[in-house]
């Protein structure tokens, strides 16, 4: 199996509490270079990721309720719906929460 075949099945995550835009820029370059399936980070970083990943085969993903995972299912659904609404104009390679468009 080629490395690229494997990375196309993996998500790259950037979920440190002190993540910076520079971290996201580096992760976008890495995700692009290695053809990861998606780059996952906090919802407020999705627009930056989507912009940097436009035109490539890597999706963006907003991670909801991380790291605690203590929200109710209803709260998670509400957060996902909010981010889907906010990313409605995002490029078609974007997924936010449970919202897919591709």
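Numbering (the numbering used here), first residue to last: 1 to 102. The C-beta atom is built at its ideal place from N, Cα and C for all residues, glycine as well. Here the structure is a predicted model, which means the values were calculated and not measured.
Item	Value
For residue 24, I'd like the list of residues in its chain whose CB is within less than 7 angstroms of its CB, leaving aside the five on either flank, ordered along the chain.	14, 41, 45, 48 and 49
Rounded to a whole number of angstroms, what is the C-alpha to C-alpha distance between residue 2 and residue 10?	13 angstroms
Buried or exposed, going by whether 16 or more other CB atoms sit within 10 Å of the CB of residue 52?	buried
Pop quiz: residue 59 and residue 38 are said to be a contact at Cβ under 8 angstroms. What is the actual Cβ separation, rounded to whole angstroms?	4 angstroms
Please name the residue, chosen from 68, 30, 64 and 19, that lies closest to residue 57 on a Cα-to-Cα basis.	30
Taking buried to mean at least 16 other C-beta atoms within 10 Å of its own C-beta, is residue 5 buried or exposed?	exposed
Out of curiosity, what's the CA-to-CA distance linking residue 93 and residue 54?	With a pLDDT of 45 at residue 93, under the threshold of 50, the modelled position of that residue is not reliable, and the figure given next carries that caveat. Cα-Cα distance, rounded: 7 angstroms.
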